[in-house]
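Undergrad: My structure is below; once you've seen it, I'll send some questions.
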Amino acid sequence: MRIFMLGWEFPPFISGGLGTACYGLTKAMDQLGMEVTFVLPRMVESGYATHVRLLSPSSWTSAASFMFSGLKNVRFHAINSALEPYSTPDVYRRRIEETLRQKQKMHGGTISVSSQLNAGDDYSRDMYSEVHRYAAVAAELAKDEQIDIVHAHDWMTYPAGIAVAAISEKPLIVHVHSTEFDRSGEHVNQMIYDIEREGMERADKVIAVSHYTRSTIISRYGISGEKVEVVYNGVERNGNWSLAETGINTNEKIVLFLGRITMQKGPEYFLQAAKKVLEMIDDVKFVMVGSGDMMHRSIEMAAELGIGHKVLFTGFLRGEDVQKIYKMADLYVMPSVSEPFGIAPLEALNHDVPVIISNQSGVSEVLTHALKVDFWDTTEIANKIIAVLKYPPLQETLANHGNFEVRKLRWKDAAAKCVRIYEDTLVAV
Amino acid sequence: MTWVCFYFQVHQPMRLRHYTVFDNNDRYFDDYKNASICRKVANKCYLPANRLILDMIRQFDGRFKVAYSITGVLLEQLLSFSPEVMSTFDALAETGCVEFLAETYYHSLSFLYSRDEFVEQVNKHIETIDSFFGQKPRIFRNTELVYNNDLAALIESTGNFDAIITEGADHILGYRSPNFVYKPQNCNKLKLLLKNYSLSDDIAFRFSNRDWPQWPLTADKFAHWISNVNGNGNVVNLFMDYETFGEHQWEDTGIFDFMRHLPQEVLNHPDNNFKTPSEVVQCYQPVGTVDVPHIISWADIERDLSAWVGNAMQSNAIHELYRLEKKIKQTDDEKIIADWRKLQASDHFYYMCTKYFADGDVHKYFNPYNSPYDSYINFMNVLDNLHSRCSRLPGGEASFPTIKQNTAEGFLGAVSQNENTPDLQPAK
């Protein structure tokens, strides 16, 4: 089966759960022998903000093709685009303005009409136009492709999915890793909501990452339940990281928050719980790994609560640093306000770190060996944090059973379920 | 000739309320929940089942007999929440066809952790049964039918008992049948009654199971199975939770109708009869000795202790509990001692079991917690508070240590600096 997959991020540049999920799923599909054409947006920059390179106007459909070592059946097309996972219209606009300013500097201070046009070719100035421009490029790409089914991940790729499905006259699957209600609470961005809803309506099947998300899709987007299937995420088992010393020697217990520091992830509940924990026990540090639009607010809040000296902000970490932090941690806490799935707790358990997760998360549907709390119940969060730090048998039992449990959550099974959904869809069409 | 010996276990624990590390008071038990469960079970099981048994006894003019073992913690709850159940047990006691057995008052596993405490609880239970029902129990059954040779020896040495009851586990009997009276290893007078788990579980567990080839189980079918024992046994010991009637097996499964017809069906066979455990051991001499060097229980396929102390949390919680014994008793404070004893109910440890958790087993139904982890955390928070109550100085000048100090002490004292009882350390 040939799958045209509209996805996100591939190693080593993975910024969150969406990239992890796309990578895990695609890798497992490759192993199942599926032929995948994987299309992803890529900002044309080499990682240093001062070296922004823009492609020539002629390459407006420019899509770099490449293969990824280890994946035999997957071909990649990177489309030049400033779309990023977890972006918001405001962030997008600021980023484009920054890019143009950089470019202006490189071109000696004068910004010509033509270079503005150049920018417009590769990146639209607002996110909605960019999402649709991306769709046009993807559709152009798809013309030359043999496709059986189109699979689009999260809202920014839905217009592309719709376009490609229309051109190829093949069924569309949209995969919902999060909804606007998860990201923004009740203050939804109407345009994003409309794009999400249209994607779900036009899709032949909708895949939700949990029953939690499935019920949002049905109740908030009015999609018929028959169309919505649940495929849980898996977790990569990386058993080959070294057990060598991290060089960190401390008697202090470490409680970890790891994720984007945004409203959705509940950083303020983490800090309020931390405050309550510190009223009872001293030798504990709270480490917040990640960045996001609530990072500064969180730093301020830690100071306001008088626990600034007990809370460390590391910023965004990747690769080995993440492994290190897991190795140091005694406990992982995910107080998410609304979490469609939540891969990070699985990774924590993979590293033998016990987890506290909110009931408002999809992952709580699949984990039994985890402590579960309501995100707003900071007293209960603190109660459970203290219990884990205070009673080694609890920490041990949670970690052992939890580690065993996550081994059952495999990307292979997720991919196989997607394939079954493809087959059902193709039969129905 | 086959005798049928029914014994029903009657027990409800005192469930704890949600108790966080931030709570600092001695109200550990959830009175509301305990009252409502007690009343619910009384209405679904105790009252209708007692009425049924009483009817049967009257109808068969003393030929139908049963035995009960009622825990002290349940008697306390019945007195407070459902006193009408007490009067129906009274009526049963007065028929002369009902025997009451002895066990630990608090439904505890104290035999495994403190012999002194165990003996105190058994004596307290004997006194309580005597005062309520006018009988001094002569038969002992231990919590969860936990048993080994040492228990039998201890029970014999008290001089209070004629027999002891335990599980007729395959691995202790081998080729032998549970349908005879035996003698424990190293005992002279004490006799041993063994549960026929196959026939007991047909009623207690399989009765309403539609996947079971024998479903539906009718009274005449079951009476026929009992008659089949003729020639290959003297007594069929049917031991089960009393809550089987109406609670584990709901009324609409037909469990009460089954019970209503069973005595007639059994007695239709002229060789069969119902007897109480005491009558059984008075009439039969042991046919052999049963050697049980290792602990057994009536739980699960393993018939071991893994349901209560199988994981690190359970083991830690129960060790920490019994480690407080000396301190608790030194306070000489009745309330503190009673609270400590109520925490000994085996149910608290059963809730922490992770064995079945993942399978969403039937055990969930009896568990007031969402997870074994929540139950451990709650229990340990309560225990920590109980501990802090012991440390307060006697004589009015109570020092009320700050919560922080308490916790730090619990943190170090309870977990890592455990100098006199190294075996109580959690498994590393």
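Same order as they appear, the protein sequences are chains A and B. Okay, so the first sequence: first residue is 246 according to our numbering, each after it adds one. Okay, so the second sequence: first residue is 121 according to our numbering, each after it adds one. For glycine and all other residues, C-beta sits at the position ideal for the given N, C-alpha and C. Predicted model, so just to flag it, every value in this text is computed and none were measured.
Within the same chain, show all residues whose beta-carbon is closer than 7 Å to that of residue 474 (chain B), passing over the 5 residues directly before and after it, in chain order.
TA: If you number the second sequence from 1, residue 474 (chain B) lands on position 354. Excluding sequence neighbours, residue 474 (chain B) sits near 431, 492.
Undergrad: Between which two residues does the beta strand (DSSP E) carrying residue 560 (chain A) extend?
TA: On the first sequence, residue 560 (chain A) is found 315 positions in, with the first residue counted as 1. Per DSSP, residue 560 (chain A) belongs to the beta strand (DSSP E) from 556-560.
Undergrad: Helix, strand or coil for residue 517 (chain B)? Go by DSSP, reduced to three states.
TA: Numbered from 1 along the second sequence, position 397 holds the residue referred to as residue 517 (chain B). Confidence at residue 517 (chain B) is low in this model, with a pLDDT of 42, below 50, so the placement of that residue should be treated as unreliable; the coordinate-derived value is given next. If DSSP states are grouped into helix, strand and coil, residue 517 (chain B) belongs with coil.
Undergrad: Please report the straight-line C-alpha distance between residue 396 (chain A) and residue 252 (chain A), rounded to a whole angstrom.
TA: Here the question's residue 396 (chain A) lines up with position 151 in the first sequence. Here the question's residue 252 (chain A) lines up with position 7 in the first sequence. Whole-angstrom Cα-Cα distance: 8 Å.
Undergrad: So, under 8 Å CB-CB, residue 533 (chain A) and residue 556 (chain A) are touching, yes? Tell me the CB distance rounded to an integer number of Å.
TA: Numbered from 1 along the first sequence, position 288 holds the residue referred to as residue 533 (chain A). Numbered from 1 along the first sequence, position 311 holds the residue referred to as residue 556 (chain A). Indeed they touch by this definition, with Cβ atoms about 7 Å apart.
Undergrad: Can you find a CB in chain B that lies within less than 7 Å of the CB of residue 282 (chain A)?
TA: Indexing the first sequence from 1 puts residue 282 (chain A) at position 37. No, because no Cβ of chain B sits closer than 7 Å to the Cβ of residue 282 (chain A).
Undergrad: Mind checking the segment 622-643 of chain A against chain B and listing, in chain order, the residues whose C-beta falls within less than 9 Å of any C-beta there?
TA: Those would be 624, 625, 627, 628, 629, 631, 632, 633, 634, 635, 636, 637, 638, 639, 641, 642, 643, in chain order.
Undergrad: Which residues in chain A have a C-beta closer than 7 Å to the C-beta of residue 496 (chain B)? List them in chain order.
TA: In the second sequence, the residue the question calls residue 496 (chain B) occupies position 376. Residues of chain A whose Cβ lies closer than 7 Å to the Cβ of residue 496 (chain B) are, in chain order, 639.
Undergrad: Please report whether the beta-carbon of residue 432 (chain B) lies at a distance below 7 Å from any beta-carbon of chain A.
TA: Counting from one through the second sequence, the residue named residue 432 (chain B) turns up at place 312. Yes, because at least one Cβ of chain A sits closer than 7 Å to the Cβ of residue 432 (chain B).
Undergrad: Looking at C-alpha atoms only, which residue of A:558, A:653, A:607, A:523 is the closest neighbour of residue 626 (chain A)?
TA: Taking the first sequence and counting its residues from 1, one reaches residue 626 (chain A) at position 381. For the residues A:558, A:653, A:607, A:523, the minimum Cα distance to residue 626 (chain A) belongs to A:523.
Undergrad: Among the residues of its own chain, which have a CB less than 8 Å from the CB of residue 501 (chain B), if the five just before and after it don't count?
TA: For the purposes of this step, residue 501 (chain B) is taken as the residue at position 381 of the second sequence. Result list for residue 501 (chain B): 139, 140, 141, 143, in chain order.
Undergrad: Are any of the Cβ atoms in chain A nearer than 7 Å to that of residue 474 (chain B)?
TA: Position 354 of the second sequence, counted from the start, is the residue given in the question as residue 474 (chain B). Cβ-Cβ to chain A under 7 Å: yes for residue 474 (chain B).
Undergrad: Can you give the beta carbon distance from residue 473 (chain A) to residue 451 (chain A), rounded, assuming they're within the 8 Å contact cut?
TA: One-based indexing of the first sequence puts residue 473 (chain A) at position 228. One-based indexing of the first sequence puts residue 451 (chain A) at position 206. Going by Cβ atoms, the distance from residue 473 (chain A) to residue 451 (chain A) rounds to 5 Å, so yes, they are a contact pair.
Undergrad: Quick one: give me the first and last residue of the beta strand (DSSP E) that residue 313 (chain B) is part of.
TA: Here residue 313 (chain B) corresponds to residue number 193 of the second sequence, with the count starting at 1. 311-315 is the extent of the beta strand (DSSP E) around residue 313 (chain B).
Undergrad: Any Cβ of chain B within less than 7 Å of the Cβ of residue 616 (chain A)?
TA: Mapped onto the first sequence, residue 616 (chain A) falls at position 371. Cβ-Cβ to chain B under 7 Å: yes for residue 616 (chain A).
Undergrad: With a cut-off of 7 Å, does the C-beta of residue 422 (chain A) fall near any C-beta of chain B?
TA: Indexing the first sequence from 1 puts residue 422 (chain A) at position 177. No, its Cβ sits nowhere closer than 7 Å to a Cβ of chain B.
Undergrad: Going by C-alpha distance, which of A:279, A:346, A:268 is nearest residue 661 (chain A)?
TA: As a position in the first sequence, residue 661 (chain A) is number 416, starting the count at 1. Residue 661 (chain A) has its Cα closest to that of A:279, out of A:279, A:346, A:268.
Undergrad: For residue 145 (chain B), decide whether its Cβ has a neighbour in chain A, counting only Cβ atoms nearer than 7 Å.
TA: In the second sequence, residue 145 (chain B) corresponds to position 25, counting from 1. Output row for residue 145 (chain B): interface = no.
Undergrad: Just verifying my parser: in three-state terms, what is the DSSP assignment at residue 118 (chain B)?
TA: In the structure as shown, chain B starts at 121 and stops at 548, and residue 118 (chain B) therefore has no counterpart that could be examined.
Undergrad: When you compare only the Cα positions, how much space is there between residue 219 (chain B) and residue 505 (chain B)?
TA: The residue you call residue 219 (chain B) lines up with position 99 of the second sequence. The residue you call residue 505 (chain B) lines up with position 385 of the second sequence. Rounded to whole angstroms, residue 219 (chain B) to residue 505 (chain B) spans 40 Å at the Cα level.
Undergrad: Go ahead and label residue 527 (chain A) buried or exposed: buried means 16 or more other beta carbons lie within 10 angstroms of its beta carbon, across all protein chains shown.
TA: Position 282 of the first sequence, counted from the start, is the residue given in the question as residue 527 (chain A). Exposed, because fewer than 16 other Cβ atoms sit within 10 Å of the Cβ of residue 527 (chain A).
Undergrad: DSSP on residue 543 (chain B), reduced to helix/strand/coil?
TA: Indexing the second sequence from 1 puts residue 543 (chain B) at position 423. Residue placement at residue 543 (chain B) is flagged as unreliable, the pLDDT there being 41, under the threshold of 50; the coordinate-derived value follows with that caveat. Reduced to three states, the DSSP call for residue 543 (chain B) is helix.
Undergrad: So who's on the other strand from residue 125 (chain B), going by DSSP bridges?
TA: Translated into the one-based positions of the second sequence, residue 125 (chain B) becomes position 5. B:357, per the DSSP bridge assignment.
Undergrad: With DSSP as the reference, label residue 489 (chain B) as helix, strand or coil.
TA: As a working note, residue 489 (chain B) is residue 369 in the second sequence. Residue 489 (chain B) falls in the coil class under three-state DSSP.
Undergrad: Check whether chain B comes within 7 Å of residue 554 (chain A), counting only Cβ atoms and requiring the distance to be less than that.
TA: Counted from its first residue, the first sequence places residue 554 (chain A) at position 309. Chain B, which has no Cβ nearer than 7 Å to the Cβ of residue 554 (chain A), makes this no.
Undergrad: What does the alpha-carbon distance come out to for the pair residue 166 (chain B) and residue 421 (chain A)?
TA: On the second sequence, residue 166 (chain B) is found 46 positions in, with the first residue counted as 1. On the first sequence, residue 421 (chain A) is found 176 positions in, with the first residue counted as 1. Near 52 Å, if we compare the C-alpha coordinates of residue 421 (chain A) and residue 166 (chain B).
Undergrad: Can you tell me whether DSSP reads residue 657 (chain A) as helix, strand or coil?
TA: Taking the first residue of the first sequence as 1, we reach residue 657 (chain A) at position 412. DSSP places residue 657 (chain A) in helix when its eight states are reduced to three.
Undergrad: For chain A, check one thing: does any of its Cβ atoms lie closer than 7 Å to the Cβ of residue 127 (chain B)?
TA: Mapped onto the second sequence, residue 127 (chain B) falls at position 7. Interface criterion not met: the Cβ of residue 127 (chain B) is under 7 Å from no Cβ in chain A.
Undergrad: Contact check, residue 304 (chain B) vs residue 314 (chain B) under 8 Å by CB: the rounded distance?
TA: Position 184 of the second sequence, counted from the start, is the residue given in the question as residue 304 (chain B). Position 194 of the second sequence, counted from the start, is the residue given in the question as residue 314 (chain B). At roughly 11 Å, the Cβ-Cβ gap does not stay under 8 Å, so residue 304 (chain B) and residue 314 (chain B) are not in contact.
Undergrad: How would you call residue 285 (chain B), buried or exposed, if buried means at least 16 neighbouring beta carbons within 10 angstroms?
TA: Here residue 285 (chain B) corresponds to residue number 165 of the second sequence, with the count starting at 1. It counts as buried.
Undergrad: When burial is assigned at 16 or more other CB atoms within 10 Å of the CB, is residue 673 (chain A) buried or exposed?
TA: Residue 673 (chain A) sits at position 428 when you count from the first residue of the first sequence. With fewer than 16 other Cβ atoms within 10 Å, it is exposed.
Undergrad: Mind pulling the chain A residues with CB within less than 8 Å of residue 490 (chain B)?
TA: Numbered from its first residue, the second sequence carries residue 490 (chain B) at position 370. Going along chain A in sequence order, the residues near residue 490 (chain B) (Cβ under 8 Å) are 617.
Undergrad: For residue 414 (chain A), decide whether its Cβ has a neighbour in chain B, counting only Cβ atoms nearer than 7 Å.
TA: Residue mapping note: residue 414 (chain A) aligns to position 169 of the first sequence, counting from 1. Chain B contact via Cβ: absent.
Undergrad: Please classify residue 465 (chain B): does DSSP put it in a helix, a strand, or coil?
TA: In the second sequence, the residue the question calls residue 465 (chain B) occupies position 345. Residue state, collapsed to three classes: strand.
Undergrad: Quick check on DSSP: helix, strand or coil for residue 303 (chain B)?
TA: One-based indexing of the second sequence puts residue 303 (chain B) at position 183. DSSP places residue 303 (chain B) in strand when its eight states are reduced to three.
Undergrad: Pull up the CB-CB distance for residue 457 (chain A) and residue 441 (chain A), whole angstroms please, since I reckon it's below 8 Å.
TA: Indexing the first sequence from 1 puts residue 457 (chain A) at position 212. Indexing the first sequence from 1 puts residue 441 (chain A) at position 196. Rounded, the Cβ-Cβ distance is 16 Å, inconsistent with contact.
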